[in-house]
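Working notes, beginning with the structure itself.
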Ligand SMILES: Cc1cc2nc3c(=O)[nH]c(=O)nc-3n(C[C@H](O)[C@H](O)[C@H](O)COP(=O)(O)OP(=O)(O)OC[C@H]3O[C@@H](n4cnc5c(N)ncnc54)[C@H](O)[C@@H]3O)c2cc1C
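Residue numbers (our numbering): 1 to 244.
See below:
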């Protein structure tokens, strides 16, 4: 709900506004702090989060081996000369050099700028894989990594509570779409995670599976080359599977 509109015009000093505090935005602010003489410019970073996530370790957060706090680089703790404006940039007026920011409190703020840096990153690609939009979850940020961890644990608990072998098997099977570095690491970490999680309930765990993680499709998969695979081809699925 929009309550009112705040206007924040730049003063005499040059104001540089950076949208997004991911890898690019964070390092842009850091570089500007180091290279500009003190007081030469006002640096502002617009970000919904007050930290920069160190994404390389997201698979470990998803697997519960790394605490999310340890991959969150605090903006206020490390960018001493940068002002953080919490919220999402929702509009830019290039003529009047003004950015519209929607804050977490529902308020909108017009933020004037002399220089604007847009680093909002990307979004999860859905790829030409049927079912991805309806079934899959993204894996781009800390919230999604924590969701994955909780979801996997929930599925293992439901499998443990079920008497139906097919359902138990299905609940213990996870498919990672995309077999690049991240997908492979998620599958590997996932397998370690599910094995460890099932250890205390080994007696009643699904007989054949301590968590089956597959990455699909591989870039060389012929189904993938045709562009619309309903599922990876059998040999690809077999080769990519890391069933424990
Ligand atoms: C799981 C995972 C593992 C990875 N591992 C590696 C690795 O090991 N090595 C490697 O080199 N790369 C890795 N990458 C890729 C790397 O994270 C990206 O290349 C890099 O983060 C891109 O930086 P960016 O600043 O462009 O975008 P991001 O880091 O995605 O940052 C964009 C930021 O902008 C914010 N934002 C978006 N829209 C708005 C808006 N409207 N207003 C304000 N803020 C907004 C987002 O919240 C986000 O924080 C990995 C990526 C993932 C997802």
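Virtual Cβ for every residue (Gly too), placed ideally from N, Cα, C.
According to DSSP, what are the bridge partners of residue i?
i           : result
residue 91  : 100
residue 74  : 51
residue 41  : 14
residue 46  : 19, 85
residue 117 : 18
residue 111 : 8, 99
Where residue i and residue j are concerned, what is the direct C-alpha to C-alpha distance, given to the nearest angstrom?
i           : j           : result
residue 41  : residue 181 : 39 Å
residue 191 : residue 34  : 43 Å
residue 78  : residue 162 : 49 Å
residue 106 : residue 128 : 36 Å
residue 125 : residue 48  : 21 Å
residue 45  : residue 164 : 52 Å
residue 219 : residue 175 : Bear in mind that a pLDDT of 40 at residue 219, under 50, signals an unreliable position, so the model cannot answer this.
residue 245 : residue 50  : One cannot answer for residue 245 here, as it falls past the ends of the chain, which runs 1 to 244.
residue 53  : residue 22  : 7 Å
residue 55  : residue 194 : 22 Å
residue 158 : residue 104 : 35 Å
residue 118 : residue 160 : 47 Å
residue 7   : residue 173 : 52 Å
residue 30  : residue 82  : 8 Å
residue 130 : residue 137 : 14 Å
residue 39  : residue 10  : 14 Å
residue 93  : residue 99  : 6 Å
residue 168 : residue 188 : 21 Å
residue 209 : residue 155 : Here residue 209 scores only 43 on pLDDT, less than 50, and its place in the model should not be relied on; the value that follows carries that caveat. Each residue's Cα considered, the two are about 13 Å apart.
residue 170 : residue 95  : 55 Å
Between residue i and ligand 2, is the CB less than 7 Å from at least one heavy atom?
i          : result
residue 74 : Only ligand 1 can be found as ligands here, which leaves ligand 2 out of the picture.
I'd like to check one pair, residue j with residue i: are the Cβ atoms closer than 8 Å?
i           : j           : result
residue 246 : residue 84  : Nothing can be reported for residue 246, as the shown portion of the chain is limited to 1 through 244.
residue 88  : residue 15  : no
residue 43  : residue 58  : no
residue 153 : residue 197 : yes
residue 257 : residue 25  : Given that the chain is displayed from residue 1 to residue 244, the structure contains no residue 257 and the question cannot be resolved.
residue 66  : residue 139 : no
residue 73  : residue 146 : no
residue 142 : residue 68  : yes
Please indicate yes or no: does the CB of residue i lie closer than 7 Å to some heavy atom of ligand 1?
i           : result
residue 188 : no
residue 19  : yes
residue 254 : No information on residue 254 is available, as it lies outside the stretch 1 to 244 that the chain covers here.
residue 122 : yes
residue 89  : yes
residue 181 : yes
residue 98  : no
residue 139 : yes
residue 59  : yes
residue 49  : yes
residue 56  : yes
residue 119 : yes
residue 85  : no
residue 66  : no
residue 176 : no
residue 44  : no
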